[in-house]
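A.B. asks:
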Amino acid sequence: MVNKNNVICLGVNELYQNKQIHYSPITLPTLCFFEFTQTLQDTVDNARELLFEKSIHEITIQTSQVNWYFNLTNRYHHNIQSLMHVDAYSISFSGMLRPYKQPHFTTAKISINQLKFNQIPINSINLDQLTTPLAKGLINKIKHLSRQYSEQEDLYYSIEPLVSHLRELDEKTAFDIHLDSDLQLGLLNKKGNEFYSKMETIETEINYLSEQLLYQIFGLKKGDWLSYIPANNETSTQLQFDHCRVYGNTLNIIGPCITKAGTLGKREQYINIEFGEEK
Amino acid sequence: MNIQKLISSVRQSKKLRPLNDFHRSPRSGIDVIDKEFNEALSLLKELFKQFKANGCKIDISFYGEVFVSLPASLHRFELAISNRPSIKNAENLLKNLESVQFIKLDSFDTDNTLVVSIKTIRSRAEWKHYSVSEFKSDYGLFAETILKELRQRVGYYSNQGPGERTVNHSSTEDKIAAIHYGGALYGSTSMLFYLSQHLRKVIYVSDLSINGNQITVNKSYPGDETNHYFGKKEDAFFKKYLFDYAAMSRDHDNNN
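If you read the protein sequences in the order shown, they are chains A and B. The working numbering numbers the first residue of the first sequence as 1 and each following residue consecutively. The working numbering numbers the first residue of the second sequence as 280 and each following residue consecutively.
#1: What span of residues does the beta strand (DSSP E) with Thr60(A) cover, start to end?
#2: Determine the extent of the beta strand (DSSP E) in which Gln238(A) is found, giving its start and end residues.
#3: Mind checking if Cys9(A) is an interface residue toward chain B, Cβ cutoff 8 angstroms exclusive?
#4: In its own chain, which residues sit with a C-beta less than 7 angstroms from the C-beta of Leu471(B), not counting the 5 before and 5 after it?
#5: Would you verify that the beta carbon of Ala319(B) is, or is not, closer than 8 angstroms to some beta carbon of chain A?
#6: Using a Cβ-Cβ distance under 8 angstroms, would Gln20(A) count as near chain B?
#7: Identify the contact partners of Pro99(A) in chain B, using a Cβ-Cβ distance below 8 angstroms as the criterion.
#8: Just to confirm, is the Cβ distance from Ile489(B) to Lys518(B) under 8 angstroms?
#9: Buried or exposed: Lys54(A), going by 16 or more other Cβ atoms within 10 Å of its Cβ?
#10: In terms of residues, what are the limits of the beta strand (DSSP E) holding Lys409(B)?
#11: In chain order, what are the residue ranges of uninterrupted beta strand (DSSP E) at least 3 long that sit wholly in the segment 307 to 338 of chain B?
#12: I want to check one thing, is the minimum distance from the CB of Glu423(B) to the heavy atoms of the ligand SAH below 7 angstroms?
#13: Where are the beta strand (DSSP E) runs, 3 residues long or more, that stay fully inside the segment 5 to 47 of chain A, in chain order?
#14: Below 6 angstroms CB to CB, which residues in the same chain sit around Ser229(A) once its five sequence neighbours on both sides are set aside?
#15: In chain order, what residues of the same chain have a beta carbon less than 8 angstroms from the beta carbon of Val481(B), not counting five sequence neighbours either side?
#16: Please confirm whether Leu134(A) and Ile217(A) have their CB atoms less than 8 angstroms apart.
#17: Taking the alpha-carbon positions, what's the Phe414(B) to Leu420(B) distance?
#18: Tell me which residues share the same chain as Arg75(A) and place their Cβ nearer than 8 angstroms to its Cβ, disregarding the 5 neighbours each side in the sequence.
#19: Between the segment 345 to 365 of chain B and the segment 388 to 403 of chain B, can you find at least three pairs of beta-carbon atoms closer than 8 angstroms?
#20: Using CA coordinates, which residue listed in Asn193(A), Leu138(A) and Ser146(A) is at the minimum distance from Ile159(A)?
#21: Report yes or no: do the segment 47 to 63 of chain A and the segment 81 to 97 of chain A share at least 3 C-beta pairs separated by less than 8 angstroms?
#22: For Lys136(A), count neighbouring Cβ atoms within 10 angstroms of its own Cβ and tell me buried if that reaches 16, exposed if not.
#23: Go through its chain and collect everything with a Cβ distance to Cys32(A)'s Cβ below 7 angstroms, but skip five positions before and after it.
#24: So for Ala457(B), helix, strand or coil by DSSP?
#25: Rank Asp310(B), Lys294(B), Lys314(B) and Phe341(B) by C-alpha distance to the C-alpha of Leu285(B) and give the top, closest one.
#26: When the cut-off is 8 angstroms and only beta carbons count, does Tyr16(A) lie next to chain B?
#27: State yes or no: is the beta carbon of Lys383(B) nearer than 8 angstroms to at least one beta carbon in chain A?
#28: Any C-beta of chain A sitting closer than 8 angstroms to the C-beta of Arg290(B)?
#29: Does Ser24(A) get closer than 8 angstroms to chain B when you measure Cβ to Cβ?
#30: If we ignore side chains and look at the alpha-carbon of each, how far apart do Glu58(A) and Leu50(A) end up?
#31: Identify the residues that DSSP records as bridge partners of Asn506(B): which are they?
#32: By DSSP, does Asn207(A) sit in helix, in strand, or in coil?
#33: Rounded to a whole number of angstroms, what is the C-alpha to C-alpha distance between Glu205(A) and Glu318(B)?
#34: Taking buried to mean at least 16 other C-beta atoms within 10 Å of its own C-beta, is Leu214(A) buried or exposed?
#35: I need the DSSP call for Lys141(A), collapsed to helix, strand or coil.
#36: Could you check how far apart the C-beta atoms of Leu209(A) and Leu138(A) are, in whole angstroms? I think they sit under 8 angstroms.
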């Protein structure tokens, strides 16, 4: 079968990673062409799986499926080593001419969802899967961390007004009432900062765990399209998974909505998943 | 020169082709994917047979350019084999790409097929391209189509042609390209890298000579020249990549 209309044409920009080297404009291709074949799509899908499995931000793969066109010679140049960069949402290509060891030009990023031949599959969320032992384990961990988080939060906000008031005392008053400002303020400030950084650490951990929960239980990856019908509601919510957040016993999946026409909208949508109370 | 020799000099010059990537006016010749190189050579061989049968003169330059001239004519033609997409207007695509991330095209427009191209060596002459697949290995027909075009072109030209010219020389552009390529090859600690970075900032180079152990760069006006000294590594590099470098060095030695 001849796949029509699936050659992608991209502009090329210079890529600076070393300030000392100024690459000659002659060595910059004019356009980049590649055919989005099933093989390439599989490579991208595999790379994305790996991204979420190992919590990696970007994967770079050597590829030979791109052609670099030069306007100067009106032909393709072949002395080029090409790399494909895959992250959760998009791919891009970079390349280097033969003697160079580092890529020195790159293309724009293309959203993976926009590339696919077929309609983008919409995943649904089946809450029954939350009862598997793996899910339960992860949920318990998240709940535990969530409790720790609120404890820290309570502590932080109970001393926060004190600290801010102490900071407002001017030097003269502090001196007149013999308040050893350095010691008192310093100690409270230090505690406040400690609580805050601990909160941040726990938050990162919770985000990581909830992403893992969505990936391992529902097979959801960032950039995937999903739909969900809440138990008490008839209308379904459709969105592209962008990020997630935990509030108490609820996991929110947040991302831009999918319109009825099947394209990405501008409005943000939420899907709330209740973990339920512990027995 | 017999055909086998012509083909082997094309094969020999393949190692010099990377220079073209750093060249402001790249030389024509055979530029295909490695795995298609032998295919391109056998095509070239078949074309040469037909050209020879028609009494044409064929020359291969040091850098692997292919020159063909008709019998009893002094006009010479360049012949190139490369992978060209059939897009007509890259400028249009570039303009469209200013506002969108990417454009979807028909795979036909960007096909990576072998193309034989010819051009008269004459100012403002245009390339004419023939897709190899159109001729389905009918080399007789292919060569005849090309020869017909050459005869037609020669018929249009009023003068007798440029007269005998030598096939081989290293122009200032070749030398600059060699310096840029050498800079990329030997890395940021090398003398050629430094000179390559320096030359990027120079707007116009009127003359550049490489002699013995020094490179002299003449810029826009007389007297504005800089000298750059090089060692054995660069000497060996220039010997490989510049046609008359060895001859230039000999002259230099004789003068001393």
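Glycine is no exception: its CB is placed at the ideal position from the N, C-alpha and C atoms. These figures come from a predicted structure and were not determined experimentally.
C.D. replies: In brief:
#1: Glu58 to Thr63
#2: Thr237 to Gln240
#3: yes
#4: Ile458, Gly461, Gly462, Tyr465 and Glu513
#5: no
#6: yes
#7: Pro297, Tyr460, Ala463 and Leu464
#8: no
#9: exposed
#10: Per the sequence shown, residue 409(B) should be read as Tyr rather than Lys. Tyr409(B) -> beta strand (DSSP E) spans Lys407 to Ser410.
#11: none
#12: With respect to the ligand SAH, the structure shown offers nothing to examine, as it has no ligands at all.
#13: 7 to 14 and 31 to 35
#14: The question names Ser, but residue 229(A) in the sequence shown is Ile. Excluding positions up to five away in sequence, the list reads Ser236.
#15: Val496 and Lys498
#16: yes
#17: 7 angstroms
#18: Tyr69
#19: yes
#20: Asn193(A)
#21: yes
#22: exposed
#23: Leu10, Val12, Val66, Trp68, Phe93 and Thr107
#24: helix
#25: Phe341(B)
#26: no
#27: yes
#28: no
#29: yes
#30: 10 angstroms
#31: Thr495(B)
#32: helix
#33: 58 angstroms
#34: buried
#35: helix
#36: 6 angstroms
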